[in-house]
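Trainee:
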Amino acid sequence: MIERLMGASDPEMLSKGVDEIGARPSGGAQPAPGFEVRSPADGSVVASLPDQGAEQVRAAVGRLRGNQPAWEALGPTGRGRWLGRLRDWLFDNDERVAELLQRETGKPWQEAILEVPVAIDLLEYYRKRAEKFLADSHPRPHNLLIASKKLTIAYRPYPVVGVICPWNNPVLLALADAVPALLAGAAVAIKPSELTPLTTLEIARGWREDVGAPGVLECLTGAGGTGAALVDVADFIQFTGSTRTGRKIAQRAAERLIPYSLELGGKDAMIVLADADLERAANAAVWGGMFNSGQTCTSVERVFVEEPVYDEFVELVAGRVRGLRQRAAGKRFDADIGSLSSQAQLAIVERHVSEALANGARALVGGKRADAPGAFFEPTVLVDVEQSMRCMREETFGPTLPVMKVKDAEEAIRFANDSRYGLSASVWTRDRARGEQVAGRLEVGAVNVNDMFVNAFAIGIPQGGWKESGVGARLGGAHGIRKYCRPQSVTATRLAPRSELLWYPYTALKGKLFLRVTRLLFARDLGRRLGRRRR
Ligand code: NAD
76 MIERLMGASD
86 PEMLSKGVDE
96 IGARPSGGAQ
106 PAPGFEVRSP
116 ADGSVVASLP
126 DQGAEQVRAA
136 VGRLRGNQPA
146 WEALGPTGRG
156 RWLGRLRDWL
166 FDNDERVAEL
176 LQRETGKPWQ
186 EAILEVPVAI
196 DLLEYYRKRA
206 EKFLADSHPR
216 PHNLLIASKK
226 LTIAYRPYPV
236 VGVICPWNNP
246 VLLALADAVP
256 ALLAGAAVAI
266 KPSELTPLTT
276 LEIARGWRED
286 VGAPGVLECL
296 TGAGGTGAAL
306 VDVADFIQFT
316 GSTRTGRKIA
326 QRAAERLIPY
336 SLELGGKDAM
346 IVLADADLER
356 AANAAVWGGM
366 FNSGQTCTSV
376 ERVFVEEPVY
386 DEFVELVAGR
396 VRGLRQRAAG
406 KRFDADIGSL
416 SSQAQLAIVE
426 RHVSEALANG
436 ARALVGGKRA
446 DAPGAFFEPT
456 VLVDVEQSMR
466 CMREETFGPT
476 LPVMKVKDAE
486 EAIRFANDSR
496 YGLSASVWTR
506 DRARGEQVAG
516 RLEVGAVNVN
526 DMFVNAFAIG
536 IPQGGWKESG
546 VGARLGGAHG
556 IRKYCRPQSV
566 TATRLAPRSE
576 LLWYPYTALK
586 GKLFLRVTRL
596 LFARDLGRRL
606 GRRRR
C-alpha cells in the first residue's frame, strides 16, 4: 500500500515530494517541501505530500483541458464503461481504501468500510441513467413565429470541474461529486482536504494506473492555497466545506464569472414531539449525533423535546450513549465511535462543551476530552442548555448531543429556525401528516420525518443547504449531472422561405399583422381582440 500511495496525478512531482508513508527517514535526507498527513487517532505521521502551488495547479488543469474533448466525445455510454471499471476497482480494493481512510480520519472500521459501498451505489445510479439524463430534449414551439423550427436543448459539459472537499467523508464526498461530473463529460480535478488526501490520491492513482482510464481525473494535494489556485482556473467549482471558505470561493468565482455549487456547514435540529416513538427517536439521536464522531454535515447538532416526554427521552439517550465503545484502530466491528479528525477540531468541541458547562449546562455523559492519546472527545450528552450558548448556535462537529426542553411544537420550530444555517432537520411523531406539516415550516434544505439522514441515500432528491448552509445542491436525479453542463439551445429551421416576418424590409402590413395575431391569441376579451384600447 505504501508504494501505491506514491501514485498521484503528477507522478514526476510526487516522486520528488512523497516520503514513504509511516517510514520517513529520521536523519540525513531533508524532508521535501510540503505538508504532513497525521493519523488523528495517535498523532503519527502517515505521509508527507507536496503542497501544490498555482503553477502546478495550472499545469494539471491544462492537461485535463487537453484530454477533455476526447472524453466528451465518448458519450455517456462510453464514459459509463470507464466508470464501470472504476466500480470494479473499488470493489477489489475496498478494504485497502478503508484502511487508508481509517488512518487519515480516525474512524472506526464500520464507518471506514461504509464509504466505498455508498459511493458505488451513487456511481451506479448515475452510470445507468447518464444517457437518459443527458439526452437532448426537444420542446414544442409555443407560437406561430417559431412553429416551423426544431428546438433542441443539448447538455454540454463544463470542460474542467474543480471539486474541493473537506475531511469528514473523503472517499464518499470526492466520488459523489466527481462521478456525475465525469459522466457529464467534464474532466475533474479533486482537491481533497490537506488532513485527508490519501484516499483520494489512491483513487486517482487507481483510475490512471490500474483501470488505465483516460487522463481526465487528477488529485491535487495541498492546503487552502491549492484550492484557491484551482478556483482561479477551473470552469465550475463544486465545493464542500465550511461557510467561511464557501464565502471566499463565491467571491472569487463571481470575479471570474464561473458557476459554483456550495455545500456548507449546518446546525441541524431534531424535534421530538410528545407522541413520538421514543425508543426509535432515542436510537436515532444517538446514531445521528455520534456517527463519525459527530463530524457529519447533517449530524444532530441540537435536540428539542416536548416537555411531557423530555425526561424519558433524555434518560433513554444518556443510557445508550454510556454504552458506546470508543476506539479507532483495527479492522474489527467492535468500536462505535472513533477519534475526531484533528486536534483543531478537538479544541473546537472542547470549547463549545466547556463554555456550556461554565454557563450552567450539565453533562449527563462525557463532557471532556478522552483520557487517551489522539483527538478523542468523550461522547457527550448536555442538558440545561440555553438557546444563546455556542453549542446551540455554532456548528460543533463533535460527538455531543445538547438536549433542550420545549413547551410545544411551536417553540421547537421557532428555536430550530433561529439559526443562520439551514442544512437539514428531523421531526419525530407517530402522526406522519403532522410531521410533514412541521417539516414544511422548517427553514432547511431537507427534513427527515421519523428518520436520520436517510435523505443522504436518496439520490433522486437534491441535497442542498438553505441560508448560510449552501448555494445550489448535489445529487437530485437529473439535476445532479446536468449541473455540470451548460445547456446549449439549438434552433434549426425546417421550412426556409426566402425571408421571415420579422426580417427586413419593415412594412406596415407585416408590422400590423404581427400585432393583430398577438391580440387575437392573447387578449382576454373580444373588444381587445378586435383592437380596442380601454382608456
Ligand atoms: P474548510 O472550509 O476548512 O476546508 C474545505 C476545503 O477547502 C479543504 O480542502 C481546504 O483546503 C479548502 N480551502 C481552504 N481555503 C480555501 C480557499 N481560500 N479557496 C479554496 N479552497 C480552500 O472545511 P473543513 O473544515 O475541511 O470541513 C468541515 C466543514 O464542511 C463543516 O462546516 C461541514 O459542515 C462542512 N460539510 C458540509 C457538507 C454538505 O454537504 N453540506 C458535507 C460535509 C462537510
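FYI, the numbering for the sequence shown is 76 to 610, going by our numbering. The beta carbon of each residue, even a glycine, is placed where N, CA and C say it ideally should be. Note that the structure is a prediction, hence the values are computed from the model and not measured.
Measuring only the C-alpha atoms, how far is Gly449 from Pro267?
Mentor: Residue numbering aside, residue 449 sits at position 374 when the sequence shown is read from its first letter. Residue numbering aside, residue 267 sits at position 192 when the sequence shown is read from its first letter. Taking the straight line joining both Cα atoms gives about 22 Å.
Trainee: Classify Ile534 as buried or exposed, calling it buried when 16 or more other Cβ atoms lie within 10 Å of its own Cβ.
Mentor: Looking up residue 534 in the sequence shown gives position 459. Classification for Ile534: buried.
Trainee: Less than 8 Å between the C-beta atoms of Leu498 and Asp343, yes or no?
Mentor: For the purposes of this step, residue 498 is taken as residue 423 along the sequence shown, with counting starting at 1. For the purposes of this step, residue 343 is taken as residue 268 along the sequence shown, with counting starting at 1. Taking 8 Å as the Cβ cut-off, Leu498 and Asp343 qualify as a contacting pair.
Trainee: Closest to Asn367 by C-alpha separation, out of Ala422, Phe311, Pro454 and Pro144, would be which residue?
Mentor: Reading the sequence shown from its first residue, position 292 is the one you call residue 367. Of the listed residues, the one whose Cα sits closest to Asn367 is Pro454.
Trainee: Taking its Cβ as the centre, do 16 or more other Cβ atoms sit within 10 Å of His427, making it buried, or is it exposed?
Mentor: The count along the sequence shown starts at 1 and reaches residue 427 at position 352. His427 is buried by the Cβ-count criterion.
Trainee: Ligand 1 and Val266: does any heavy atom of the ligand fall closer than 7 Å to the residue's C-beta?
Mentor: One-based indexing of the sequence shown puts residue 266 at position 191. The identity of residue 266 in the sequence shown is Lys, whereas the question assumes Val. Yes, Cβ of Lys266 sits closer than 7 Å to a heavy atom of ligand 1.
Trainee: Tell me which residues share the same chain as Val519 and place their Cβ nearer than 7 Å to its Cβ, disregarding the 5 neighbours each side in the sequence.
Mentor: Position 444 of the sequence shown, counted from the start, is the residue given in the question as residue 519. Within the same chain, Val519 has close Cβ partners Gly497, Leu498, Ser499, Ala500 and Trp541.
Trainee: Got a sec? Which residues, its chain only, sit under 6 Å from Leu292 by beta carbon, not counting five neighbours each side?
Mentor: One-based indexing of the sequence shown puts residue 292 at position 217. So the list reads Val263, Ala279 and Trp282, once near-sequence residues are dropped.
Trainee: Whole angstroms is fine: what's the gap from Glu277's alpha carbon to Ala303's?
Mentor: Your numbering for residue 277 matches position 202 in the sequence shown. Your numbering for residue 303 matches position 228 in the sequence shown. Computed Cα separation, rounded: 23 Å.
Trainee: For Glu461, tell me which candidate among Val424, Phe379, Ala484 and Lys406 has the shortest Cα-Cα distance.
Mentor: Position 386 of the sequence shown, counting from 1, holds the residue named residue 461. Looking at the Cα atoms, Phe379 is the closest of the given residues.
Trainee: Using the Cα positions of Ala148 and Thr371, report the straight-line distance between them to the nearest angstrom.
Mentor: Position 73 of the sequence shown, counted from the first residue, corresponds to residue 148. Position 296 of the sequence shown, counted from the first residue, corresponds to residue 371. Going from the Cα of Ala148 to the Cα of Thr371 covers about 37 Å.
Trainee: So which of Ala288, Asp409 and Ala404 has the shortest CA-CA distance to Gly398?
Mentor: Residue mapping note: residue 398 aligns to position 323 of the sequence shown, counting from 1. Residue Asp409 is the option with its Cα nearest to Gly398.
Trainee: In three-state DSSP terms, what is Ala344?
Mentor: As a first step, residue 344 is located in the sequence shown; it is residue number 269 there, counting from the start. If DSSP states are grouped into helix, strand and coil, Ala344 belongs with the strands.
Trainee: Using DSSP with H/G/I as helix, E/B as strand and the rest coil, what is Arg591?
Mentor: Within the sequence shown, the letter at position 516 stands for residue 591. The answer is helix: DSSP assigns Arg591 an H, G or I state.
Trainee: Whose C-alpha, out of Arg599, Ile556 and Asp411, is nearest the C-alpha of Ala253?
Mentor: The residue labelled residue 253 in the question sits at position 178 within the sequence shown. Comparing Cα-Cα distances from Ala253 to each of Arg599, Ile556 and Asp411, the minimum goes to Ile556.
Trainee: Is Cys466 near ligand 1, judged by its Cβ being under 7 Å from some heavy atom?
Mentor: Within the sequence shown, residue 466 is the residue found at index 391, counting from 1. Result no, Cβ not under 7 Å from ligand 1.
Trainee: In chain order, what are the residue ranges of uninterrupted beta strand (DSSP E) at least 3 long that sit wholly in the stretch 481-506?
Mentor: If only uninterrupted beta strand (DSSP E) runs of at least 3 residues are considered, those enclosed by the stretch 481-506 are 499-503.
Trainee: So Gly364 and Phe528 are supposed to be a Cβ contact under 8 Å. How far apart are they, rounded?
Mentor: Residue numbering aside, residue 364 sits at position 289 when the sequence shown is read from its first letter. Residue numbering aside, residue 528 sits at position 453 when the sequence shown is read from its first letter. No, Gly364 and Phe528 are not in contact; Cβ-Cβ is about 11 Å, not under 8 Å.
Trainee: Would you identify the three-state DSSP class for Ile228, choosing helix, strand or coil?
Mentor: Reading the sequence shown from its first residue, position 153 is the one you call residue 228. Three-state DSSP puts Ile228 in a strand.
Trainee: Going by alpha carbons, who is nearest to Gly118 out of Leu601, Val191, Leu219 and Glu179?
Mentor: Mapped onto the sequence shown, residue 118 falls at position 43. The shortest Cα separation from Gly118 among Leu601, Val191, Leu219 and Glu179 belongs to Glu179.
Trainee: Rounded to whole angstroms, what's the CA-CA distance from Leu247 to Val592? Just pull it up for me.
Mentor: Counted from its first residue, the sequence shown places residue 247 at position 172. Counted from its first residue, the sequence shown places residue 592 at position 517. Between Leu247 and Val592, the C-alpha separation is close to 56 Å.
Trainee: Assign Ser123 to one of three DSSP states: helix, strand, or coil.
Mentor: Within the sequence shown, the letter at position 48 stands for residue 123. Correct three-state label for Ser123: strand.
Trainee: So does Ser317 have its beta carbon nearer than 7 Å to some heavy atom of ligand 1?
Mentor: The residue labelled residue 317 in the question sits at position 242 within the sequence shown. Correct: Ser317 has its Cβ closer than 7 Å to ligand 1.
Trainee: Is any heavy atom in ligand 1 found nearer than 7 Å to the beta carbon of Glu269?
Mentor: Within the sequence shown, numbered from 1, the residue matching residue 269 stands at position 194. Checking every heavy atom of ligand 1 against the Cβ of Glu269, one is found closer than 7 Å.
Trainee: Taking the alpha-carbon of Arg202 as reference, which of Val193, Ala309, Gly159 and Glu190 has the nearest alpha-carbon?
Mentor: Here residue 202 refers to the residue found at position 127 of the sequence shown. Nearest of Val193, Ala309, Gly159 and Glu190 to Arg202, Cα basis: Gly159.
Trainee: Thinking C-alpha only, which one of Leu588, Gln143, Asp169 and Thr296 is nearest Pro234?
Mentor: Position 159 of the sequence shown, counted from the start, is the residue given in the question as residue 234. Pro234 has its Cα closest to that of Gln143, out of Leu588, Gln143, Asp169 and Thr296.
Trainee: Sorry if obvious, but does the Cβ on Gly369 come closer than 7 Å to a heavy atom of ligand 1?
Mentor: By one-based count along the sequence shown, residue 369 stands at place 294. At a cut-off of 7 Å, the beta-carbon of Gly369 does not count as near ligand 1: no heavy atom of the ligand is closer than that.
Trainee: Indicate the three-state DSSP secondary structure (helix, strand or coil) for Ser368 in the structure shown.
Mentor: Mapped onto the sequence shown, residue 368 falls at position 293. Reduced to three states, the DSSP call for Ser368 is helix.
Trainee: Does the count of Cβ pairs from the stretch 336-351 and the stretch 500-510 closer than 8 Å reach three?
Mentor: yes
Trainee: When you compare the stretch 484-493 with the stretch 430-439, are there three or more beta-carbon pairs, one atom per stretch, that lie closer than 8 Å?
Mentor: Touching, no, given that fewer than three Cβ pairs across the two stretches are closer than 8 Å.
Trainee: Taking the alpha-carbon of Ala491 as reference, which of Ala508, Arg509 and Val513 has the nearest alpha-carbon?
Mentor: For the purposes of this step, residue 491 is taken as residue 416 along the sequence shown, with counting starting at 1. Of the candidates Ala508, Arg509 and Val513, the one whose C-alpha sits nearest the C-alpha of Ala491 is Val513.
Trainee: Any contact between the stretch 152-171 and the stretch 332-339? By contact I mean 3 or more CB pairs, one from each, below 8 Å.
Mentor: Too few Cβ pairs lie closer than 8 Å, so no.
Trainee: Would you give the residue range spanned by the alpha helix (DSSP H) that Gly155 belongs to?
Mentor: Within the sequence shown, numbered from 1, the residue matching residue 155 stands at position 80. Element bounds for Gly155: Gly150 to Asp167.
Trainee: Which residues mark the beginning and the end of the alpha helix (DSSP H) in which Pro383 is found?
Mentor: Taking the first residue of the sequence shown as position 1, residue 383 is located at position 308. Note, Pro383: alpha helix (DSSP H), Glu382 to Arg397.
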